[in-house]
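Protein chains in written order, with the working numbering: chain A, 13 to 178; chain B, 8 to 139; chain C, -11 to 396. We treat Cβ as the ideally placed atom computed from N, Cα and C, and that holds for glycine.
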Amino acid sequence: MTPQIAVFLVLAAMAVAGAVSLILQRHPIHSALSLIVVMVSLAGLYLLLGAEFIAAVQIIVYGGAIMVLFVFVIMLLNAGEEERTNVSRMARFVGVPLGVMFLLEVAYWIARATSHLAPPAAQLVSTRDLSTLLFREYVFPFELTSFLILIALLGALVLARREDSD
Amino acid sequence: MTGNDLQSYAPLLLHLTLAMALSGVLVLLSSLVGWRRPSTTKSQPYECGITPTGDAREPFSVKFYLVAMVFILFDVEAIFLYPWAYIFRELRWFGFVEMILYIGILLVGYFYLWKKGALDWNRPAVRRDRAS
Amino acid sequence: MNEFASQHPILVVALPKIVVLLLVLLTSLAYLTWFERKVVAHIQSRWGPYRVGPHGLLQPLADGVKFLFKEDVTPAGADKFVYFLAPFLSLSLAITSIAVIPFGPKEFTVFGQPTPLAITNLNIGLLVLFAITSMGVYGVALAGWSSNSKYPLLGGLRSSAQMISYELALTMSVVGVILMAGTFNLSEIVMSQQGFHWGFLPRWNLIGGPMPQLLGFLLFFTAAVAETNRAPFDLAEAESELVAGFHTEYASFKFAMFFMAEYSSMITVSCLATILFFGGWLSPFPQTAAFAWAHYIPAAAFALAGLALIFYGIRYLTMFGRVVLPVLGVVLGALALLFIRPGVTEFVQGPFWFLLKVVFFLFVYVWVRGTLPRLRYDQLMGFGWKLLLPLSILNVVITSLAIVLTQR
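The structure is reproduced here in structure tokens:
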């Protein structure tokens, strides 16, 4: 077992465990923390694939910015522990088998596709290539993102506006 | 180790592991060493000697939410500046115009935020339009 | 041993380096508190720590032991897991960020393996550093939230909002340097600042290149002081209104851990300022024959400091001081003798200038704290969003314009 595979297994296990804990945790803050674990392990997985720039951006934007907003919102709403309801009969008899079937199906297709998957990168993807691609070939989408951000800014303002009315 | 392969991240991982181990040991030590004589008064939250009133986790101003939201958006912008600056010497005027357009569009949003008072901390979150 | 080293470079080469760096870092953290108390005391015409050891030199040790044996009080109603997680996160992230900092140009060999004077030399070292610091917000926010007390909650919220606001200006103020260097690799950024104006003025990013980054540096340092929650931006610890901010409910070593994290980020920021704007390990003197004497500055500085310590130490007040200070002086003198040796002189140059600049920035940190009054919270947020952010965008535009215009 090469070190890469070992690190991959650990990161994959962390990501899955974080995702499961995200659903099972009762307190929203604990769920948010689990989501941060997922984000960071994803960044590690990107790094294993050789995409170091994307890995760093994943942590800076998702780990350091978006999750801060999540934590703020949870604190803002003062969301307490969620109450557990009894699992309905419908969910138990239809939902669980359907979920298991879906998982099996996904596993089957992934298993079939493994032969086509590239091995983990030995070389890191050059940030220069990535930048050239972004700023030469995909200039138009890049400029469009600025409009997207502009619209999101306005959206944030409109959402925050509610406070006045009460 | 030239920094061109995945190998160069291994020391960082090792460093992180050691740092975490060290912090973990310190947290453990702080709860193991040292005496403890707990009492209800001692474990009360600190409120300048007055008996604590109410729950600490109260809802707070929507301003913090707005700041975090706007931070995400500008953080994305800052992240786009990084790869651009990386190859700027090859892009030259093309890159310059490209980024002026990009920043210009965002500055419109920035000044709108400013005019609406979203950047002022002691005013209510967003000023109402006078016309309405 | 050499064969084993070539097969397992990480275990044999990286591990000792990391252990040594962490030990040095922890010691410097401890003595940085002493340094800060001394400097602030002298700014305010006081003596500062004086009793524990000569000139209070053993004070950090005494503080450490005291913290360890204090009663560890956990507030009622605290979220135990998060309450323990917050100092852990703060400290481990803060001391990890030093790993990407290069301290000198020379490679040295450990068991026959050449290795740089840094834990690791990454292509995107700068981004990795920002990634690690961006996670530091959680330590503050979670500490404030988990204590289940009003002051920590307010302090935690305020300082996390402050940290994210100034992180923007911090990331944008660095773009000017990347524009000039065209790389995220910290060693390469230092190497891009080689050379001299008119033969004597170093072409460091602060004053060199197509567009001197003076504005960029001021923005960077201001934002960095705010990012590390230091005075005059230490709103979280505004004693007059928030008691101690997010760590009000922390006691014992967990309380000390927040301080270790703060001082550690101070060191990282000073290293970063040195690398990005002040030429990193580059000497301020040209490498010409006329300046050959500059090579002996490290040795001379150590020798002078050693002599001063010996002469001052033998007349010190206490018996203990009369032994310890001269011994320290002799150690410094021995180091000075070592630095004159041919191979060592070249090797010492880089780290010497680097650490000298870092110590200078640490002094500025303390100086600012001793001089400037604290800002009000609305002023603080306004300052970040309405002044630093537009100025840093302006800096990016001007720098890129200057590069396009001067490039042939």
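Per DSSP, C:Thr159 is one residue of the alpha helix (DSSP H) stretching across 138 to 169.
C:Gln47: member of the alpha helix (DSSP H) spanning 47 to 57, first to last residue. Setting aside the 5 residues that flank it on each side, B:Leu98 is surrounded in the same chain by Trp91, Glu105, each with a C-beta closer than 8 Å to its C-beta; the list follows chain order.
Under the 8 Å criterion on CB atoms, C:Ala129 is classed as interfacial with respect to chain A.
A:Leu169 has its alpha-carbon roughly 9 Å from the corresponding atom of B:Val77. Contact check for C:Asn136 against C:Gly233 fails: the beta carbons are separated by 8 Å or more. With 16 or more neighbouring CB atoms inside 10 Å of its own CB, B:Lys70 falls in the buried class.
Look at B:Met27: its C-beta is not under 8 Å from any C-beta on chain A. In this structure, C:Leu79 lies near B:Ser30, with their beta-carbon atoms less than 8 Å apart.
Between C:Leu45 and C:Gln182, the C-beta spacing is not below 8 Å. By the neighbour-count criterion, in which 16 or more other beta carbons inside 10 Å mark a residue as buried, A:Glu149 falls on the exposed side. With 16 or more neighbouring CB atoms inside 10 Å of its own CB, C:His43 falls in the buried class. Straight-line measurement puts the Cα of A:Ala119 at about 48 Å from the Cα of C:Val384.
Per DSSP, the continuous alpha helix (DSSP H) segment holding A:Thr157 begins and ends at 151 to 172. The contact set of A:Phe20 on chain B, defined by CB atoms closer than 9 Å, is empty, because the minimum CB distance reaches about 11 Å. Across the region 72 to 96 of chain B, CB contacts with chain C closer than 7 Å involve Val74, Ala75, Phe78, Phe81, Asp82, Ala85, Leu88, Tyr89, Ala92, Tyr93, Phe95, Arg96, in sequence order along the chain. At a C-beta separation below 7 Å, B:Gly124 has no neighbours in chain C, since its nearest C-beta there lies roughly 11 Å away. Relative to the Cα of A:Val52, the nearest Cα in the group C:Val116, C:Gly301, C:Thr15 belongs to C:Val116.
Just so you know, the alpha carbons of C:Ile381 and C:Ser161 end up roughly 8 Å apart. By the CB criterion at 8 Å, C:Ser153 and C:Gly372 fall inside the cutoff. Assignment of C:Asp67 by DSSP, reduced to helix, strand and coil, places it in the coil class. For A:Thr14, there is no enclosing beta strand (DSSP E), since its DSSP letter is neither H nor E. Ranked by Cα distance from C:Ala18, the options C:Leu223, C:Ala244, C:Ala74 are led by C:Ala244. DSSP, reduced to helix, strand and coil, places C:Phe96 within a strand of the structure shown. Its chain contains Asn173 as the residues whose beta carbon lies nearer than 6 Å to that of C:Asn111, once the 5 sequence neighbours on both sides are disregarded; these appear in chain order. Here the alpha carbon of B:Phe87 sits roughly 21 Å from the alpha carbon of C:Ala212. A contact is defined here as three or more CB-CB pairs under 8 Å, and the region 14 to 32 of chain B fails this definition with respect to the region 53 to 61 of chain C. In this structure, C:Leu167 places its C-beta atom within 8 Å of the C-beta atom of C:Ser388.
C-alpha of C:Ile120 to C-alpha of C:Leu305: approximately 46 Å in a straight line. Its chain contains Met51 as the residues whose beta carbon lies nearer than 6 Å to that of A:Tyr74, once the 5 sequence neighbours on both sides are disregarded; these appear in chain order. Think of a sphere of 7 Å around the beta carbon of C:Pro75: the chain B residues whose beta carbon falls inside it are Val34, in chain order. Per DSSP, B:Thr24 is one residue of the alpha helix (DSSP H) stretching across 17 to 39. At a cut-off of 8 Å between beta-carbon atoms, A:Leu136 makes contact with chain C. For C:Ala287, same chain residues with a beta-carbon under 6 Å away, outside a window of 5 residues either side, are Ala324, Phe327, Ile328 in chain order. Using a Cβ-Cβ cut-off of 8 Å, B:Leu21 does not count as an interface residue toward chain A, since no Cβ of chain A sits closer than that to its own. Nearest to B:Pro45 by alpha-carbon distance, out of C:Ala157, C:Ile195, C:Pro63, is C:Pro63.
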